[in-house]
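Numbering (our numbering), first residue to last: 43 to 227.
Beta carbons are placed, not taken as given, at the ideal position from N, Cα and C, and that holds for glycine.
Here the structure is a predicted model, which is why all the values come from computation and not from measurement.
Shown next, in structure tokens, is the structure this report addresses.
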């Protein structure tokens, strides 16, 4: 039986979440909405609490709401507020600007870094991102890229336990056609 792209992604993410030997996963790919939806849906099956670290507090609600095609989160997100997302309670805060109140997580939580491309090509931000990964107390950490074609530095792959490329060749071939036609890939 051939799995479609989303089913393969769900299977990979759930296998990672249930593997006690792996802690960090980098999810790459060209369909940003599909990556966010699959990762959050899988986290919702395994966790009750989590942390989303983002580079842009003003954009994160739009990223998540667009991925699910409905209003999951309010437009204005505050780092001092916990939000319901599916059956999970999540805190959203910025990894680009540090505040004293950012939770560190524990064995019962996940930490999702999205999007991370802003930090990958900036040495100072990259060093801070690696520091945040190392000090996180969460049992599972997932990083999701966006603007895949624009990332030059992939050293982050050396700092994670698993890398998954979420292909959309079958589920959304139009994205691939557009990227090829525009010379992005």
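Taking C-alpha positions only, residue 134 is separated from residue 213 by approximately 30 Å. The beta-carbon separation of residue 162 and residue 68, rounded to 10 Å, does not stay under the 8 Å limit for a contact.
Between residue 47 and residue 209, the C-beta spacing is below 7 Å. Going by beta carbons, residue 125 and residue 217 fall outside the 7 Å limit. Assigned with DSSP and collapsed to three states, residue 180 falls in coil, not helix or strand. Here DSSP, grouped into helix, strand and coil, assigns residue 115 to coil. The beta carbon of residue 171 sits closer than 6 Å to those of 161, all from its chain and outside the five residues before and after it, given in chain order. Looking at the DSSP output, residue 186 bridges to 69. Its chain contains 93, 133 as the residues whose beta carbon lies nearer than 6 Å to that of residue 145, once the 5 sequence neighbours on both sides are disregarded; these appear in chain order.
Going by C-alpha positions, residue 113 is about 10 Å away from residue 127. By a beta-carbon distance limit of 8 Å, residue 51 contacts residue 80. Their separation comes to about 5 Å. DSSP places residue 110 within a helical segment (H, G or I) once states are collapsed to three.
Boundaries for residue 89: no beta strand (DSSP E) harbours it, and the DSSP string shows neither H nor E there.
Annotation: the continuous beta strand (DSSP E) that includes residue 134 extends over 130 to 136.
Our two residues, residue 55 and residue 84, have alpha carbons roughly 7 Å apart in a direct line.
Counting only the Cα atoms, residue 187 lies some 17 Å from residue 107. Note that the C-beta distance between residue 64 and residue 199 is not below 7 Å.
The C-beta separation of residue 138 from residue 119 comes to about 14 Å, leaving the pair out of contact by the 8 Å criterion.
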